[in-house]
Each structure stands twice: as structure tokens, then as C-alpha cells.
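What follows is one structure encoded as C-alpha cells, with my remarks underneath.
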Amino acid sequence: MAWLRLSINSLLLVALAGLCGPLRDSAVMAQDRAVDPLPSWNEGKSKAAILEFVRRTTKEGEADFVPLKERIAVFDNDGTLWPENPIPFEVAYSLDTARAMMTAKPELKERPAYKALAEGDLAALGDNHLKLLMELIVATHADQTTAEFDKSVAQWIATARHPRYQRLYSDCTYEPMQEVLRHLRANGYRTFIVSGGGQDFMRVWADKVYGIPPEQVIGSAFKLKYDLVDDRPTLRILPEIALIDDKAGKPVGIRHFIGRTPVMCFGNSDGDQQMLELTTIGRTPSFGLIVHHTDAEREYAYDAHPKSSGKLVTALQAAPRRGWVVVDMKADWKRVFADPK
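Going letter by letter, the sequence shown gives residues -30 to -1, 1 to 311 in mature numbering (1 follows the signal peptide of the UniProt record, and there is no 0).
Here it is, written out as C-alpha cells:
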């Protein structure tokens, strides 16, 4: 599998980065002293904790210094790097795509899932453990080649807009978290997405939106089948689940695809708790952070009772005991989104 291969070029880059580490670290630290790397964060405990952890894990001579090859930070996506309300953005993609399928094939409206969508009956889609919604998700993801799916997602992400903010979904990322991503990479950390969302869906746009290449994106995935079609190598997406990268599935995904335990972990829900535990329990140095959605005016306010996904109860309760930083979105962030492009 492509994500299990590490190229010779990558190995050379890691080696060179290690050789240049001390000089690079000194230059970055000097720059950080002159320029605030997290300008969208209010001064406070959360911002200070991030900056201090990065400083002491990247400065040679510090007791908590982390070698370059071990600097791995993992991020959930939905609710951590961009919103997951009023519905997760990938679900919005599936609904938009299913509507387009009905336009091309009106007979689809006879099926219960499409009928509920055509009538705007979102409650029906959510009934019976999301049975009808899952039918639409499978229909819009599987039974096509990876190239066909990638093209569909790329077209959608380039044009679709969030219903509340009326900006491209790709412009709805949290600017404070974008700054964290950039600051970590400037200090030698490799940043990975480890999300319950669709792996193939995120890999289409994650590099452009977050600066995270597809090989560093881990998510839930359908099984794939290889074939040679008209002398062209082809991968087809099957309507069968290969990995559910949520809750206890996240540590499994990290082990399968990264092979190292992260040093830093960022999440926002109970679905991230096991990933936070893997990163921080019994490990020093380590850093865990939870984005708590407290800002109904600029974003959404929820924890125990979200409108869709993102329930936060047990992870929030565990945070003080585990030493995880809990970010109060309303109090800690000067702004939520970057200015519209």
C-alpha cells in the first residue's frame, strides 16, 4: 500500500534534517522571539502551554528535548481543524452529490434514502442508527475508481459553500489551529491528520488546505481492489469498510500508518480520547489538547449535546487528571477564521 512505503528520498530528507537540526532550531527560535507565531490566540494558559512545550522539546540541552525523527503531532480534523456543524462537511459532500445523482437519474427518488433527501427529511436520514444516511454515504463514495472519486471531491471542495458562513468549506478552517500547524512544522514537527472522517475524502484537499500531504492523512476507509483496465492500473472503491478511524480505532490507525507514538495530540471530542491517552499516558514529554466549542456567536457552542457529531463528555472529565490543555474557544481565540479570500 502506498502509505506503507517510505521512499529513499524521504529517508534522505530525514537524515539531512537531522544533520541540520541544531542550526535550524536556533534560527527558528530567534525568529519566534521576534514574531508571535500564534497571533490569533489570546494571551493565556493555553497559548503559553503550546509555545512552552514546543520550545523545550526542540531546544537541544533541555531535559525534554525530542529528536527530530520523533517529533510527531496528530490532529483530529472535524471540530479540531474546521467545524463539524451543522453537519460534518463530508456528509454535506455526500448529500450534495446524492442530489446531483438524483438529477441525472430521477428514478433514484423511489428509494427511501433518496426520497428522504429529496423531501428534506433529515430526521428520517438520521433514524435507525443513521441507516439511510449511511446508504447515501456508501453510494457517493464506493463503486467507483479512486480517480473518479478524487475528481468529484476536488470539484466539490472548489465550489461548495458553508450554509452559515457563505464561504468555501476550505476557507472555514480555524486560523488559530492553522497557526499551530505552521508553528509545529517550523520547529521540525511532522503533522498528521488522524480523523474519523473519510481518508480518501481528506487526502484530496488536505495538502492545499492544511499543508499536510496525503501520506500523512489517516482516516476511515473503504476497501480497495486493484485491477488492470485497458492496460491502466486501476483502484476501485468497494462498499466494504476497511477501517473505522474513530475512538479505539485511532490508536490502531496510528500504529498501522505512522509506526511511532505521537508526542503531541489535538482533538475536540470523546472520539479523540483514546488517541489522547495513547499520546500522553506514561510518556514524557507529551502534550494533549482539546478544543472546547464554547463560542455560539462566532462558531457553535456544544459538548454533551452536539447537533451532529463531536460529543465531548468523558474526555473533558479526564482532562484535568491527564494534564490535557482544554482550549476555551470563546476566551482563547482572538478570531476563529481567517479573513475571507
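Even for Gly, the Cβ is constructed at its ideal location relative to N, Cα and C.
Where residue i sits in the DSSP three-state scheme
| i | result |
| --- | --- |
| residue 101 | helix |
| residue 6 | coil |
| residue 109 | helix |
| residue 130 | coil |
| residue 294 | coil |
| residue -1 | Here residue -1 scores only 44 on pLDDT, less than 50, and its place in the model is too uncertain to base an answer on. |
| residue 123 | helix |
| residue 45 | strand |
| residue 248 | helix |
| residue 187 | strand |
| residue 32 | coil |
| residue 308 | coil |
| residue 210 | strand |
| residue 231 | coil |
| residue 335 | Here the chain has residues from -30 to 311 only, and residue 335 is not among them. |
| residue 254 | coil |
Cα-Cα separation between residue i and residue j, rounded to whole angstroms
| i | j | result |
| --- | --- | --- |
| residue 286 | residue 196 | 43 Å |
| residue 50 | residue 147 | 8 Å |
| residue 162 | residue 200 | 36 Å |
| residue 281 | residue 261 | 12 Å |
| residue 182 | residue 154 | 12 Å |
| residue 74 | residue 192 | 25 Å |
| residue 85 | residue 141 | 31 Å |
| residue 295 | residue 220 | 20 Å |
| residue 218 | residue 236 | 16 Å |
| residue 70 | residue 277 | 25 Å |
| residue 18 | residue 157 | 16 Å |
Neighbour-count burial assignment, residue i, 16 or more Cβ in a 10 Å radius
| i | result |
| --- | --- |
| residue 129 | exposed |
| residue 293 | exposed |
| residue 41 | buried |
| residue 48 | buried |
| residue 5 | exposed |
| residue 15 | exposed |
| residue 309 | exposed |
| residue 100 | exposed |
Per DSSP, the bridge partner or partners of residue i
| i | result |
| --- | --- |
| residue 205 | 196 |
| residue 272 | 263 |
| residue 236 | 45 and 259 |
| residue 27 | According to DSSP, residue 27 bridges with nothing at all. |
is_contact[residue i, chain C] using C-beta, thresh 9 Å
| i | result |
| --- | --- |
| residue 69 | Absent from the structure: chain C. Only one protein chain is present. |
- Message: What ranges does the beta strand (DSSP E) occupy inside the stretch 137 to 168, keeping only unbroken runs of at least 3 residues that lie completely in it?
- Response: 160 to 168
- Report the residue ranges of all alpha helix (DSSP H) runs contained in full by the stretch 49 to 100; include only those spanning at least 4 residues, in chain order. 59 to 74 and 82 to 88
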